[in-house]
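Okay, structure first, notes after.
Numbering (the working numbering), first residue to last: 27 to 335.
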């Protein structure tokens, strides 16, 4: 994967000042090329889920073939180490692939919308190996209605996508934690944790919205400069806090091996949050779902470290 390639490369350049300088030059080029792809197809900016929503509601008519170049943009952001996930682009790419199938076979507008939604389901399924989650996602977040025909089509597509994905990448789930029984007498802790997550979720949303608004006001700054700056910031992060790079698989693996100390957990949580805000608010192609899951996992780890002796 791109994340593995990045980490192997960082080990290779470790301590070599000339290779590090070359790495920052490469990051600037990656940022410049990503900006070129986004300017070539402006609807590929950000996660892509708002664009799918607009497409389904009839407010947008995206060029499905050009959107597929977002695959390349997603690879570039992953190679650059930006704190972004694959789920948003996967939803948009899957939806536009469905639209492409509809246009090729000259289907009706109703069938086209169903194929777009089914393709979006496939995107979530491929990203997380979770076919049921993909179906529920498009019903709740995009379609906002119960359509039995759509559910049948989407479920069939997601099961097929899950089979193909696991044939290539294996049976392992994306998120895998060892489970331990929680005593019934401690169930009240889940209520406290839920309240804490709700409050911190609000803080996350406020920070993300304000960062987006702040950058939106800087319309005089060219997109190329914004993207290059974000990629260069990622380079600095890679040198000092490589644990928080990319979507967050490495951070999840840390929790699977051994729970770090409370101070390290808090530091990585705050650093990951800030880096995610910087990565996403610039409009670089990528999602926030996986980084958000990582933040939730670390909040849970911090909570557990405090309340469980």
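Each residue gets a CB set at the ideal place from its N, CA and C atoms; glycine is no exception.
* **Minimum length 4: unbroken alpha helix (DSSP H) runs contained in the segment 128 to 213** => 135 to 154, 157 to 163, 174 to 195
* Asked: I think residue 140 touches residue 175, with their Cβ atoms under 8 Å apart; what is that distance to the nearest whole Å?
  -> On the chain shown, position 114 is the one that residue 140 refers to. On the chain shown, position 149 is the one that residue 175 refers to. Going by Cβ atoms, the distance from residue 140 to residue 175 rounds to 7 Å, so yes, they are a contact pair.
* Asked: Whose CA, out of 231, 71, 186, lies closest to the CA of residue 250?
  -> By 1-based counting over the chain shown, the position of residue 250 is 224. Minimum Cα distance to residue 250 is reached at 71.
* **Cα-Cα separation, residue 230 to residue 132** => Along the chain shown, read from residue 1 onward, the residue named residue 230 stands at position 204. Along the chain shown, read from residue 1 onward, the residue named residue 132 stands at position 106. Approximately 43 Å, taken between the alpha carbons.
* Quick one: Cα of residue 37 to Cα of residue 280, how far? -> Here residue 37 refers to the residue found at position 11 of the chain shown. Here residue 280 refers to the residue found at position 254 of the chain shown. Roughly 18 Å between the two C-alpha positions.
* So what's residue 111 in DSSP terms, helix, strand or just coil? -> Numbered from 1 along the chain shown, position 85 holds the residue referred to as residue 111. Correct three-state label for residue 111: strand.
* Do residue 58 and residue 99 come within 8 Å of each other at the CB atom, strictly closer than that value? -> Within the chain shown, residue 99 is the residue found at index 73, counting from 1. Within the chain shown, residue 58 is the residue found at index 32, counting from 1. For residue 99 and residue 58, no; Cβs fall outside 8 Å.
* Can you list, in chain order, the stretches of the beta strand (DSSP E) that have 3 or more residues and sit fully within the segment 270 to 297? -> none
* Asked: Going by Cα to Cα distance, which pick from 127, 106, 108, 94 is closest to residue 118?
  -> By one-based count along the chain shown, residue 118 stands at place 92. Minimum Cα distance to residue 118 is reached at 94.
* Asked: Whose C-alpha, out of 55, 256, 222, 262, is nearest the C-alpha of residue 324?
  -> Stepping through the chain shown from its first residue, residue 324 is reached at position 298. Of 55, 256, 222, 262, the residue nearest in Cα terms is 222.
* Does the ligand PLP have a heavy atom nearer than 7 Å to the CB of residue 307? -> Of the ligands one can find in the structure shown there are none, so the ligand PLP has no counterpart to examine.
* residue 168 vs residue 78 beta-carbon contact at 8 Å -> As a first step, residue 168 is located in the chain shown; it is residue number 142 there, counting from the start. As a first step, residue 78 is located in the chain shown; it is residue number 52 there, counting from the start. Yes, Cβ-Cβ distance for residue 168 and residue 78 is below 8 Å.
* Which residue from 262, 105, 146 puts its Cα closest to that of residue 33? -> The sequence position of residue 33 within the chain shown is 7, counting from 1. The residue with the shortest Cα to Cα distance from residue 33 is 105.
* Asked: Going by C-alpha distance, which of 149, 177, 331 is nearest residue 191?
  -> Your numbering for residue 191 matches position 165 in the chain shown. For the residues 149, 177, 331, the minimum Cα distance to residue 191 belongs to 149.
* Could you pull out every residue in the same chain whose Cβ sits closer than 7 Å to the Cβ of residue 56, ignoring the five residues on either side in sequence? => What you label residue 56 is simply residue 30 of the chain shown in a count that begins at 1. Excluding residues within five positions, the ones whose Cβ falls inside 7 Å are 102, 105, 106, 257.
* Asked: Using 8 Å as the threshold, is the segment 297 to 304 in touch with the segment 226 to 246, meaning 3 or more CB pairs across them?
  -> yes
* **Alpha carbon of residue 86 to alpha carbon of residue 69, nearest angstrom** => As a working mapping, residue 86 is identified with position 60 in the chain shown. As a working mapping, residue 69 is identified with position 43 in the chain shown. If you take the alpha carbons of residue 86 and residue 69, they lie about 9 Å apart.
* To do: Would you grab the beta carbon distance between residue 327 and residue 285 for me? Rounded to a whole angstrom, and I think it's under 8 Å.
  => Start at 1 with the first residue of the chain shown, and residue 327 comes out as number 301. Start at 1 with the first residue of the chain shown, and residue 285 comes out as number 259. Sure, about 6 Å apart at Cβ, within 8 Å.
* Taking the alpha-carbon positions, what's the residue 83 to residue 180 distance? -> Residue 83 sits at position 57 when you count from the first residue of the chain shown. Residue 180 sits at position 154 when you count from the first residue of the chain shown. Straight-line Cα distance between these residues: approximately 18 Å.
* Could you check which residue in 153, 217, 147, 152 has the C-alpha nearest to that of residue 164? => If you number the chain shown from 1, residue 164 lands on position 138. Nearest of 153, 217, 147, 152 to residue 164, Cα basis: 147.
* residue 220 - DSSP class collapsed to helix/strand/coil -> Residue 220 sits at position 194 when you count from the first residue of the chain shown. In the structure shown, residue 220 sits in a helix (DSSP, three-state: H, G or I).
* Three-state class that DSSP yields for residue 313 in the structure shown -> Residue numbering aside, residue 313 sits at position 287 when the chain shown is read from its first letter. The answer is strand: DSSP assigns residue 313 an E or B state.
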